[in-house]
Amino acid sequence: MTVAIEKPETTGPAAPEAPAREVRKVNRTTVVAGILVAWLVLFFVLRGKQTLTLATADLTDLHRWFNDVNDSVGANRNSNPLFLYFFNEIRLVIDNLVTFVQHLISQPPPGRPLPQIGWLGVVGIAGYVSWAVGNWRVALLAVAGFTFFGLQGLWQESMDTLALTISAVFVALLFAIPLGIWAGLSDRFNGIVTPFLDFMQTMPTFVYLAPLTLIFLIGPASATIATVIYAAPPAIRITAHAIRSVPETTAEAADSLGATRRQTLQKVLLPMSKRTVVMGVNQSIMAALAMVTIAALIDAPGLGKTVVQALQSLDVGTAFNAGLAIVVMAIVLDRVTTAASTREENARRSKNRFLKWRNPLLGAGAVVAAVLIYLSHTYVWAADFPGDGTVGSHIASAADSVTNWAQDNLSGLTNAIRDVITNVLLNPFQSLLTDSPWWLVGLVLVALAVVLGGWKAGVTTAVCVGLLVGTGVWSDAMTTTASTLVATVLVMVLGIVFGVWMGRSMLVDRLVRPTLDAAQVMPPFVYLVPFLALFGATRFTAIVAAVVYAAPVAIKIIADGVRAVPEATVEAATSAGSNTRQIITKVQLPMSRSALTLATNQGLIYVLSMVVVGGLVGAGALGYDVVAGFSQGELYGKGLAAGLAIVLLGVMFDRITQAAARRTGA
Amino acid sequence: MARTWRAGAAGLAVLGLTLTACGGAKVGDDSAGSGGSSGKCGTFNLAVNPWVGYEADAAVVAYVAQHDLGCTVNKKDLKEEIAWQGFGTGEIDAVLENWGHDDLKKKYITGQKTAVEAGSTGNKGVIGWYVPPWLAKAHPDILDYRNLDKYADKFKTSESGGKGQLLDGDPSYVTNDAALVKNLKLDFKVVYAGSETALIQAYRKAEKDKEWVIGYFYEPQWFMSEVPLKKVALPAYKKGCDADAAKIACDYPVYDLDKIVSAKFAKSGSPAYDLVKKFHWTNDDQNTVAKYIAVDKMTPDAAAKKWVDANKDKVDAWVK
């Protein structure tokens, strides 16, 4: 569901190759090969020199300075006017908002043993709203999904998570939509805001979690703001993109009819981009749900807490049950918002005879929902979900037995896979990156960026390399880069295999897609416990975790790319006698080349976003530095520097692959 | 159209009224006695750090505070660093199980003066290097650090770069392992598993599949009741042998786990403060409650009730 609709202009099938460009492409491949060979040669000569290694407990002056800043904020909190009159006010407003929503659906308000609206009311609202903004199919899905939370025995936890998600998405959209519109209208503002958005999306949450609780205190406000920071950027980007993709001629026509800027915006640009903006809301919700377990680390109530607590005693079953609730919530919200974004169009197209009944039916539905709300406010049976969650305990024990079976029966096989990939791919590559002098690696990166992406990408890369050295964690950054690139290669292998399969068959697509959605929103630690048993606490486990999270995005993008290849072309190839293999390798893949590059870009960024999770299961390097900075005061500065290094790696790889994508797509 | 609308609305209203009529118990009917006497205790904000032993402490203290003292207990799940930060901002009243953490004591007790010590919990914290029981049985001499090099080969993994692997856990743990390996001149490399989950999983699998694992661990810990790990003897701890972090070549001291409360809470006169101050039990007590939670999968509250009911005399001493 997190398909990158941010840059769809690059997704379409590539134009057929002109012969002149073929020559340039060959040249480029040779140059890249030349750079790599030169690197290898110099590596053997200069191995182990100027590698900028830093031991786990060692700090640089920059790290100490970060520590001092952090400490002085803590010490002066109660006397600083900025806190007294600014941050505290923000905290109060957000705390009140979240508490209000919680009292409605999840937490008992003072003087009442249960929340204002009970389960029946919430299910009623969910069904009604889904039907009103979407269609009756998603309404059924919403009703089934919400009832399922109750059957799992997780009603209150789910509602806490929903309350926090609703509040965070509301606050995020409050800022994101105006900012997005501005970024859509002004190139200058877009240029300014993009690096900030990159920063917000790639900076590991662990880095700012502790400072957030210092500024906004422990409580709903901090959890909401942490979520907002992560959930707002997709909405801003997509809104800006939506405004930009309104055809220029339409806006010009409005101008020539004498419309003011304001009128053009209100009557033309906004209505025409509404559909895409709703997709921004969708992405915002998904990002917010991805934060559920992390927010639990600063005492955010809900499903995240259940997952975190169950894992303290390695109770995979219970954690899986709660993780499944998060997945169900994500799927329901995703399908409802997607249906909302396409509803008007579909309604217009299908000359449904029920259309004229729509308004009376909506009114009737509202009355039913109101009755359900009233019942659930008043009567215990409609307020407190009946039963004791036996479905949940069945799910938990099933998950436990599957996990145990896998651990008992697969570990010989999995160890072999781990050792092959670690020894053949990861170790040599990592030592190439970490044992080369830093300036050599830097030069190679800049050269590759210039060759693949052009001068602009080269300059960005040079700046990033310089700043990476400045963070003082160069060596750790290179270790992380090695794992990241190996993971990206695996992501692309999976992406191509499953993407082509799904792109060629609608049936496979429909069967596989929910699994992909689940892999993206299931909290990683739920599946990491069995992975730890299978692969041990190793860099490879971290790589697997990253692949599970990043492959779905790549698969979805490639599937869309393959499907976008014109049917006529495929038919022509078939009638010319090509077999399936030939069609895939000679027609469908080459023609979806820009989708492949986009998939690489997104795959890399998603892999990078799992670096911290990797640090929790044996990856060491930057991920571990960040986690350690979160847990130990003395290492705070180093954790922050490592977080910055992750951002820099993200920006660097993103700019290189994007520039390369533009070149291949042009 | 208007007619159908009216008909539909009327029908629904009738349906609604019917449902209401056969309603049942009303929300709030039985809430009379459930609030309890809120007494003079008020709210008590208790930090819960993320390990099961701590959860056991917190469960019992919260249960007693709620039922015997009538406090409203807010348990907040937080890591140590953030919990201590909360002393200054008034969000946290007490931390129940502190493992040394001289850095935090320096910052918040002597520096910002927002926290004060509230005495020992009675638990003794042991940190060290542990091996799975099968290994200790098959090679008893492994329990002395001098023999570790002999087996270094066996502990090699894909992560340890040709040396033996010494597995470390969560970064928030107090650890000198890197310095120890260096100063004891062992042919080992410290590999950071990164989380307690990863560490426990490694030991669990090692015991089941007879694999070679040595790593950092601690007691009291619920996992010991599932797999009783064996501690490897390092050069004995002497006072001051850990003064210079880079030169440490001795075992970890036995930590006297203690309680920390916010300075404000200590002066508040709340009965919850007296409870925290007097709270004192043994490693066995904690392990019992931790086992109820982690192995028997009881809720913390139910686990606390079970233990409190069976240990009335101990609890009475805390609330007297």
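Protein chains in written order, with my numbering: chain A, 247 to 912; chain B, 2 to 321. Every residue, glycine too, gets a C-beta built ideally from N, C-alpha and C. Since the model is a prediction, treat every value here as computed from it, not as a measurement.
Within 7 Å, strictly: CB atoms of residue i and residue j
i	j	result
A:Q766	A:P798	yes
A:T473	A:M532	no
A:G889	A:M449	yes
B:N46	B:D94	yes
A:S721	A:T297	yes
B:A194	A:A779	no
A:A481	A:G526	yes
A:L671	A:V743	no
A:M566	A:T660	It is worth fixing the name first, because residue 566 of chain A is Phe in this sequence and not Met. No. Outside cutoff.
A:G548	A:T539	no
B:W213	B:F156	yes
A:V626	B:A26	yes
A:V554	A:A568	no
A:G380	A:V578	no
A:A865	A:A788	yes
Distance, residue j Cα to residue i Cα
i	j	result
A:N313	B:S173	17 Å
A:G280	A:I892	28 Å
B:D188	B:L235	15 Å
A:A645	A:Q512	51 Å
B:D385	B:V320	With chain B represented from 2 up to 321, any question about residue 385 of chain B goes unanswered, as that position is not in the structure.
A:I804	A:T725	29 Å
B:K313	B:L258	23 Å
A:V339	A:P466	11 Å
A:R500	A:R521	The amino acid occupying residue 500 of chain A in the given sequence is Ala; Arg does not appear at that position. Near 20 Å, if we compare the C-alpha coordinates of A:R521 and A:A500.
B:G36	A:M446	With a pLDDT of only 40 at B:G36, under the threshold of 50, the placement of this residue in the model should not be trusted, and no figure is reported.
A:Y620	A:I351	13 Å
B:S39	B:A63	Unreliable placement is indicated for B:S39, whose pLDDT of 43 sits below 50; the coordinate value is still reported in the next sentence. B:S39 and B:A63: Cα-Cα distance of roughly 14 Å.
B:E197	B:G170	5 Å
B:A250	B:K125	22 Å
B:K306	B:K315	13 Å
A:Y374	A:L714	51 Å
Residue i, buried or exposed, once every other Cβ within 10 Å from all chains shown has been counted against 16
i	result
A:D806	buried
A:A372	buried
B:Y1	In the structure displayed, chain B extends from 2 to 321; residue 1 of chain B sits before or after that span and is not available.
B:P301	buried
A:P327	exposed
A:Y454	buried
A:M898	buried
A:F442	exposed
A:K295	exposed
A:G883	buried
A:P361	buried
B:G162	exposed
A:F332	exposed
A:T761	exposed
Beta bridge counterpart(s) of residue i as assigned by DSSP
i	result
B:G126	B:Y256
B:S121	B:D259
A:I544	B:L79
B:A95	B:L47 and B:V262
B:L168	B:V192 and B:G216
A:D646	Looking at the DSSP assignment, A:D646 forms no beta bridge with any residue, so it has no partner.
Under 8 Å from the C-beta of residue i: neighbouring residues of chain B
i	result
A:S877	K80, E81, E82, D171, P172 and S173
A:Q558	P51, W52, V53, E56, E197, T198 and A295
Neighbour list for residue i in chain B, Cβ cutoff strictly below 9 Å
i	result
A:Y454	The contacting residues do not exist; A:Y454 stays about 12 Å from chain B at best.
Contact test: residue i Cβ vs the ligand ATP heavy atom, cutoff 6 Å
i	result
B:A59	Within the structure as shown, the ligand ATP is missing, as the structure has no ligands at all.
Where residue i meets chain A, residues with beta-carbon distance less than 7 Å
i	result
B:Y217	Going along chain A, no residue has its Cβ under 7 Å from B:Y217, so there is no contact; the nearest lies around 12 Å.
B:I201	L560
B:K223	Reading off the sequence shown, one finds Trp at residue 223 of chain B, where the question assumed Lys. Within chain A, the residues near B:W223 are S559.
Partners in chain A for residue i, counting only beta-carbon separations shorter than 8 Å
i	result
B:A341	Given a span of 2 to 321 for chain B in the structure shown, any question on residue 341 of chain B remains unanswerable.
B:L168	A783
Contacts of residue i in chain A (Cβ-Cβ under 9 Å)
i	result
B:D94	Per Cβ cutoff of 9 Å: no residues; B:D94 is ~12 Å from chain A at best.
B:A26	Y625, V626 and W627
Where residue i meets chain B, residues with beta-carbon distance less than 7 Å
i	result
A:D665	S159
A:L460	Q86
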